[in-house]
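In terms of UniProt numbering, the sequence shown opens at residue 1 and continues consecutively.
We put the beta carbon where it would ideally sit given N, CA and C, even for glycine.
Below: the structure, in structure tokens.
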Amino acid sequence: MNRFTVLGSFIVGIAGAVLIRLFFLQVFQTDMYVQTAAKQHAVALSSLPTRGNIFFVDKQGTLVPAAVTKRMYTLAGNPQKIIDPAKVYDELAHILSIDKEEFLSHASATSAYGVFLKDIPKEKAEELMSLQIPGLWIVEEEGRVYPEGLAGSHALGFVGYGDNERIGRYGVEQQYEKTLAGLEKNSTEKESKGGFLFSFANSLLSEKKDGADIILTIDPHIQSISHQITTELMEQWDATSAGILVMQPKTGAILAMESLPSFDPNAYNTVQNYDVFLNPFTQKSFEMGSIVKPLTMAAGLDAYAVSENTTYYDAGFVRVRDAEIKNYDGKGRGLQSMYDILDQSLNTGAVFIMQQLGMRQFRDYMEQFGLGSVTGIDLPQEIAGNMKNLEVGRDVEYATASFGQGIATTPLALATALSAIANGGELVRPYVVSRVMEGNMVIAETAPFVRRRVLRQETTEIVSRMLSKVVDNTLAGGLVAMPGYHIAAKTGTAQMANADGSGYSDQYLHAFFGYAPAFDPQFLILLFLEKPVGVRYASQTLAEPFHKLSEFIIHYYGILPDK
């Protein structure tokens, strides 16, 4: 008798025994099976893997829990065995807060199993068990807790239900589901040398493997102040949404990712509008306005289409075919330098640079910057920007694209492109997971990855010089400047398109980006504010928050002055 015959007989025998047992339980012992299975749920859990935890990490390497697994207790039972529901409710109400109407409704159900209350504290669960009420029992299971609540929820996601099992939804919880979930009774994906039969036999005998822990790049202190500032922005300007992204421009590591409206992953099931689950940095695109101008400037300089000393005449408007494109204030300023284009945020200047480049070369640079593609960040369902207007080939579309209108990009893709100016010309891949741990052992670590070089270093030095001069001389009346430091920054105010695509509304998206120190940047910040009420320009809404956050980060890291 060969080994396959022996193994085949063994498996057939097991399968037969299982089928006979299932038939016996279903036909003869249904009620007893339901109760016993529920009562022994905690025992069954011991054979299930424990989900790995997720941590923020501060500048000293201290881990701060962002998502942790803990034991949860559920009141369940068989409604058919509850003799006097009203009396039972009175007994329960002495121990915990439970809705009477809801309990009585569940207790009158005709099913053989029901859930009455979830997330019961351990001590309360023990009190309930001591009552030994017929038809009721306590089910022990694992639950997911997010200590920081709303903060960072778009990056984290949550653990929900799918196909009768807990599964990561959105954010890191979804992206790293297999890593966090572990393996149940050897749900191994390896193929053994013996083929399917040996893999199946191994799965019957092997042990579970708990999920690994994940350490994020997100700093809890920077995330916390970002959450505070974002909340203040929403309240102050009655905005539709707001967001703050902080990243290391040299590596792509995300230090904070905060946006509102958001959700509490501890209570995700109370959310009415599912749109709040979408991460606006990776899953929504916007026309970002004038913070695109530094990219237009960089492209012109890099291709030698213009130089640092090039000038042009600003009449306050420029005619492109039948369209008249104006500066934000409609004013002409006469002979202007390349620096003036960024300092005064001149739309006519951005169009001039694009025209010197030519449409084909301008489009090539925008594509190289990654504005129309995904960044590759380790978060799920990232979308690409929309550059379709540049495919049409009409010069007016290219003219408006030069100052960030008519093309849409995700805030993360734009922040990554702007990081190329900050870091010397490299387009990096952003990431939120630093490493994966099993106990004290690192089993995987993210290495910074350069997707491609998009600019010469000399180009980035010129643009950084221009942007730091903007901060020192004019931006928001000097509000952004910080004594002893070179800060590079730019504002953007973009008209928002009508939802039906019929032109533009009178509502605006405010954006602001900056990095410091300008010539050796340790961080880059991008802020956005959607549809603020009673204010026109981004310099009025976002300059002060940028200054507050950048000052905090400089002091937090102890970054030395560079002036």
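Practice task
Identify, in the order they occur along the chain, each residue of the same chain with its Cβ nearer than 6 Å to the Cβ of Leu-136, setting aside the five sequence neighbours on each side.
Solution key: Stepping through the sequence shown from its first residue, residue 136 is reached at position 136. Cβ neighbours of Leu-136 beyond the five flanking positions: Gly-77.
Exercise for the section: May I have the straight-line CA-CA distance separating Lys-122 from Glu-142, to the nearest angstrom? Expected result: On the sequence shown, position 122 is the one that residue 122 refers to. On the sequence shown, position 142 is the one that residue 142 refers to. For Lys-122 and Glu-142, the distance between alpha carbons rounds to 12 Å.
Practice task
Let me know if Ala-181 comes out buried or exposed under the rule of 16 or more other beta-carbons within 10 Å of its beta-carbon.
Solution key: Position 181 of the sequence shown, counting from 1, holds the residue named residue 181. The residue in question, Ala-181, is buried, as its Cβ has 16 or more Cβ neighbours within 10 Å.
Handout entry: Endpoints, alpha helix (DSSP H) assigned at Pro-280
Key = Position 280 of the sequence shown, counting from 1, holds the residue named residue 280. Element bounds for Pro-280: 280-283.
Problem - Supposed close pair Asn-389, Ala-401 - CB separation, criterion 8 Å - result: Residue numbering aside, residue 389 sits at position 389 when the sequence shown is read from its first letter. Residue numbering aside, residue 401 sits at position 401 when the sequence shown is read from its first letter. Their Cβ separation, rounded to whole angstroms, is 6 Å, which keeps Asn-389 and Ala-401 in contact under 8 Å.
Handout entry: Alpha-carbon to alpha-carbon, Ala-488 and Ile-553
Key = In the sequence shown, the residue the question calls residue 553 occupies position 553. In the sequence shown, the residue the question calls residue 488 occupies position 488. One alpha carbon belongs to Ile-553, the other to Ala-488, and they sit about 15 Å apart.
Problem - Close-in-space but distant-in-sequence residues of the same chain around Ser-373 (CB under 6 Å, 5 per side omitted) - result: Here residue 373 refers to the residue found at position 373 when the sequence shown is read from its first residue. Cβ neighbours of Ser-373 within its own chain (closer than 6 Å, five residues either side excluded): Ala-384.
Practice task
Taking the CB atoms as reference points, tell me whether Thr-410 and Gln-283 lie closer together than 9 Å.
Solution key: To locate residue 410, count along the sequence shown from 1; it is residue 410. To locate residue 283, count along the sequence shown from 1; it is residue 283. Contact flag set, yes.
Handout entry: Which of helix, strand or coil DSSP assigns to Asn-386
Key = Start at 1 with the first residue of the sequence shown, and residue 386 comes out as number 386. Taken through DSSP and simplified to helix, strand or coil, Asn-386 comes out as strand.
Practice task
Report the three-state DSSP secondary structure of Met-354 (helix, strand or coil).
Solution key: Numbered from 1 along the sequence shown, position 354 holds the residue referred to as residue 354. Three-state DSSP puts Met-354 in a helix.
Practice task
Report, in whole angstroms, the separation of the C-beta atoms of Ile-421 and Leu-455, which I expect to be a contact under 8 Å.
Solution key: What you label residue 421 is simply residue 421 of the sequence shown in a count that begins at 1. What you label residue 455 is simply residue 455 of the sequence shown in a count that begins at 1. For a cut-off of 8 Å, the C-beta gap from Ile-421 to Leu-455 is around 7 Å, short enough to register as a contact.
Practice task
Go through its chain and collect everything with a Cβ distance to Leu-346's Cβ below 8 Å, but skip five positions before and after it.
Solution key: For the purposes of this step, residue 346 is taken as residue 346 along the sequence shown, with counting starting at 1. Closer than 8 Å at Cβ, skipping near neighbours: Asp-314, Asn-327, Arg-333, Gln-336 and Asp-340.
Problem - Beta-carbon proximity check, Tyr-176 vs Ile-214, cutoff 9 Å - result: Taking the first residue of the sequence shown as 1, we reach residue 176 at position 176. Taking the first residue of the sequence shown as 1, we reach residue 214 at position 214. Yes. Within cutoff.
Problem - Member of Met-354, Glu-173 and Met-297 whose CA lies at the smallest distance from the CA of Ile-417 - result: For the purposes of this step, residue 417 is taken as residue 417 along the sequence shown, with counting starting at 1. First, the amino acid is wrong: residue 417 is Ala here, not Ile. Met-297 is the residue among Met-354, Glu-173 and Met-297 whose C-alpha sits nearest the C-alpha of Ala-417.
Problem - C-alpha distance - Ser-192 paired with Asp-264, whole-angstrom precision - result: Start at 1 with the first residue of the sequence shown, and residue 192 comes out as number 192. Start at 1 with the first residue of the sequence shown, and residue 264 comes out as number 264. In this prediction, Ser-192 has a pLDDT of 35, which is less than 50 and means its spatial position is unreliable; nothing more can be read from the coordinates.
Problem - Distance between Arg-71 and Val-88 (C-alpha atoms, nearest Å) - result: Here residue 88 refers to the residue found at position 88 of the sequence shown. Here residue 71 refers to the residue found at position 71 of the sequence shown. Distance between the alpha carbons of Val-88 and Arg-71 is about 25 Å.
Exercise for the section: Taking only the alpha-carbon atoms, compute the straight-line gap between Ser-434 and Asp-84 and give it to the nearest angstrom. Expected result: Position 434 of the sequence shown holds residue 434. Position 84 of the sequence shown holds residue 84. If you take the alpha carbons of Ser-434 and Asp-84, they lie about 55 Å apart.
Exercise for the section: Out of Gly-289, Val-436 and Val-318, state which residue places its alpha-carbon closest to the alpha-carbon of residue 591. Expected result: No information on residue 591 is available, as it lies outside the stretch 1 to 563 that the chain covers here.
Problem - With 16 other Cβ atoms within 10 Å as the buried cut-off, status of residue 564 - result: Any property of residue 564 remains undetermined from this structure, which presents the chain solely from 1 to 563.
Handout entry: Segments of 3+ residues assigned as beta strand (DSSP E) that fall wholly inside the segment 54-85
Key = For secondary structure counted as the beta strand (DSSP E) over 3 or more consecutive residues, the segment 54-85 holds these complete runs in sequence order: 54-57 and 63-77.
Problem - Three-state class that DSSP yields for residue 565 in the structure shown - result: Absent from the structure is residue 565, since the part of the chain shown begins at 1 and ends at 563.
Problem - Residues near Gly-393 in its chain [Cβ-Cβ closer than 8 Å; skip 5 each side] - result: If you number the sequence shown from 1, residue 393 lands on position 393. Closer than 8 Å at Cβ, skipping near neighbours: Met-359.
Practice task
Evaluate the contact criterion for the segment 548-563 versus the segment 516-535: three or more CB pairs, one atom per stretch, below 8 Å.
Solution key: Note that the segment 548-563 touches the segment 516-535; at least 3 beta-carbon pairs, one per stretch, sit closer than 8 Å.
Exercise for the section: Would you mind sorting Val-533 into buried or exposed? The rule is 16 or more other CB atoms within 10 Å of its CB. Expected result: As a first step, residue 533 must be located in the sequence shown, where it is residue number 533. Burial call: exposed.
Handout entry: Contact under 9 Å by Cβ, Leu-379 with Leu-414
Key = Counting from one through the sequence shown, the residue named residue 379 turns up at place 379. Counting from one through the sequence shown, the residue named residue 414 turns up at place 414. It is not a contact, given that the beta carbons lie outside the stated cut-off.
Problem - Close-in-space but distant-in-sequence residues of the same chain around Val-442 (CB under 6 Å, 5 per side omitted) - result: Start at 1 with the first residue of the sequence shown, and residue 442 comes out as number 442. Only Arg-435 meet the Cβ criterion.
Practice task
To the nearest angstrom, report how far apart Gln-507 and Gly-501 are at their CA atoms.
Solution key: Numbered from 1 along the sequence shown, position 507 holds the residue referred to as residue 507. Numbered from 1 along the sequence shown, position 501 holds the residue referred to as residue 501. Rounded to whole angstroms, the separation of the alpha carbons of Gly-501 and Gln-507 is 14 Å.
Practice task
Would you identify the three-state DSSP class for Ile-377, choosing helix, strand or coil?
Solution key: Working through the sequence shown from its first residue, we reach residue 377 at position 377. Ile-377 falls in the coil class under three-state DSSP.
Handout entry: Entirely enclosed beta strand (DSSP E) segments - the segment 476-549, minimum 3 residues
Key = As far as the segment 476-549 is concerned, its whole beta strand (DSSP E) runs of at least 3 residues are 488-497, 504-516 and 523-530.
Problem - Per-residue DSSP class, three states only, for Val-159 - result: Reading the sequence shown from its first residue, position 159 is the one you call residue 159. Looking at Val-159 - three-state DSSP - the assignment turns out to be strand.
Problem - From Arg-51, His-547 and Leu-412, residue whose alpha carbon lies closest to that of Asp-210 - result: As a working note, residue 210 is residue 210 in the sequence shown. Nearest option by C-alpha distance: Arg-51.
Handout entry: Outcome for Asp-302 when other beta-carbon atoms lying within 10 angstroms are tallied against a minimum of 16
Key = Along the sequence shown, one-based indexing puts residue 302 at 302. Flag for Asp-302 reads buried.
Practice task
Return the CA-CA distance between Glu-544 and Ile-244, expressed in angstroms with no decimal places.
Solution key: By one-based count along the sequence shown, residue 544 stands at place 544. By one-based count along the sequence shown, residue 244 stands at place 244. Glu-544 and Ile-244 have their C-alpha atoms spaced approximately 13 Å apart.
Problem - Option in Pro-147, Leu-92, Gln-495 and Met-496 with minimal Cα separation from residue 564 - result: Because residue 564 is not part of the residues shown, which for the chain are 1 to 563, the question remains open.
Handout entry: 6 Å Cβ shell around Ser-153 - same chain, five flanking residues per side excluded
Key = Numbered from 1 along the sequence shown, position 153 holds the residue referred to as residue 153. Excluding the 5 residues flanking it on each side, Ser-153 has same chain C-beta neighbours closer than 6 Å at Ser-262, Phe-263 and Pro-265, in chain order.
Practice task
Would you check if the distance between the CB atom of Ala-476 and the CB atom of Ser-290 is smaller than 9 Å?
Solution key: Walking along the sequence shown from the start, residue 476 turns up at place 476. Walking along the sequence shown from the start, residue 290 turns up at place 290. Not in contact: Ala-476 and Ser-290 (Cβ atoms no closer than 9 Å).
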